[in-house]
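Here's the structure, in structure tokens; my notes come after.
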Amino acid sequence: MIKTAIVTGATSGIGRATALMLARRGYNIAITGRRLPLLQDLCREIEKTSGVESYILNFDIRDKLDVFDSYDMLPDSWKKHLMVLVNNAGLALGDDSFEMCDDNEWDQMIDTNVKGLLYISQLVSNTMKQNGFGHIINISSVAGRHIYYGGNVYCATKHAVDAITQAMRVDLLQYGIKVSSIAPGMVNTEFSTVRYRGDIERARKVYEGVKPLSADDIASAIEFIVTRPDHVCVNDMLIMPTQQAMPYYVDRHTK
Ligand code: NDP
Ligand code: 8X3
């Protein structure tokens, strides 16, 4: 049976690992992100290693018109078999105390993590509604459960993702669309390098003395979620490294 999936933010980290996992599971994969060369590399890897088809949706998820136009270009044959959307694109910028923050960075986090997720989800929900099936998986965060010092607006965006997940699950129930969320703790990806605006040394310190989760660990969790039988929906998963209990409770073994 033909089945297709869309993974947002597939140029690195969790999104990339998830796209490769879904390809191995036999899904034709539409991948999104801003960095076109990385999307092209991933397409080549998907097609070489899994033999499924891939499709590039190259947009900045903050740009509503671009998201709408790009999705419009996705062939109907892909939309007709659209089983899975993984809403993964997102970022944190900075960890400054509230009064010191750059409001442009607030805009970027809110526009990406919340509004971008809403734009693509609404388009896909309408397709899934017509199809009569589908599964949307939102990548939230431990930051959507706990507030920590300097997390302010990033935490707010992930609390919003949790609220939107619950709202979508209620509203889309009538169409047989499953809605799940995964809230990871520390995952070693480009996340911290982006958060610290390219400061690799500062990003490295985040994981000092800790074995963090890998992008593949989260892709495995998504694999578990999408392979449940039709009548089972995993609503929510909170996944942490063994050495982390909450955002700021980390047992570091620094020798
Ligand atoms: P990465 O930085 O490795 O990946 C982020 C992805 O999001 C990239 O593919 C990036 O693509 C995409 N993205 C960011 N901004 C935009 C934009 N404006 N338009 C389109 N795509 C965008 O980080 P992770 O893999 O760790 O992050 C994935 C998700 O997981 C995020 O939502 C993050 O909040 C969440 N998360 C991460 C945790 C961690 O510790 N790493 C823990 C908990 C949750 P490109 O730059 O090419 O546009
Ligand atoms: C990323 C995890 O703890 O940096 O969402 O907020 S944390």
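Reading the sequence shown from the start, the letters are residues 36 to 290 in my numbering. Positions of the beta carbon are idealized from the N, C-alpha and C atoms, including for glycine. From a predicted model like this one, the values you see are computed outputs, not experimental measurements.
{"Asked": "For I37, count the other beta carbons within 10 Å of its own beta carbon; 16 or more makes it buried, fewer makes it exposed. Which is it?", "Found": "exposed"}
{"Asked": "Which of the three DSSP states is assigned to Q279 in this structure?", "Found": "strand"}
{"Asked": "By how many angstroms is the C-alpha of K115 removed from the C-alpha of H194?", "Found": "32 Å"}
{"Asked": "Taking D264 as the reference, which of I49, V102, F168 and D98 has the closest Cα?", "Found": "First, the amino acid is wrong: residue 264 is Pro here, not Asp. Among I49, V102, F168 and D98, the Cα nearest to that of P264 belongs to F168."}
{"Asked": "According to DSSP, K16 sits in a beta bridge with which residue or residues?", "Found": "The structure shown does not extend to residue 16, since the chain spans only 36 to 290, so no value can be given for it."}
{"Asked": "By how many angstroms is the C-alpha of V245 removed from the C-alpha of H288?", "Found": "7 Å"}
{"Asked": "So does V245 have its beta carbon nearer than 8 Å to some heavy atom of ligand 2?", "Found": "no"}
{"Asked": "M275 and G220 look like a contact to me (Cβ under 8 Å); what is the Cβ gap, rounded to whole Å?", "Found": "4 Å"}
{"Asked": "Would you say the beta carbon of K83 comes nearer than 8 Å to a heavy atom of ligand 3?", "Found": "Ligand 3 is not among the ligands present in this structure, which contains only ligand 1 and ligand 2."}
{"Asked": "Under a three-way DSSP split, which group does G151 fall into?", "Found": "helix"}
{"Asked": "Given T84, which residues of its chain have a CB within under 8 Å of its CB, disregarding the five upstream and five downstream residues?", "Found": "L55, A58 and R59"}
{"Asked": "Along the chain, where does the beta strand (DSSP E) containing G295 start, and where does it finish?", "Found": "The first residue shown for the chain is 36 and the last is 290, placing residue 295 beyond what the model contains."}
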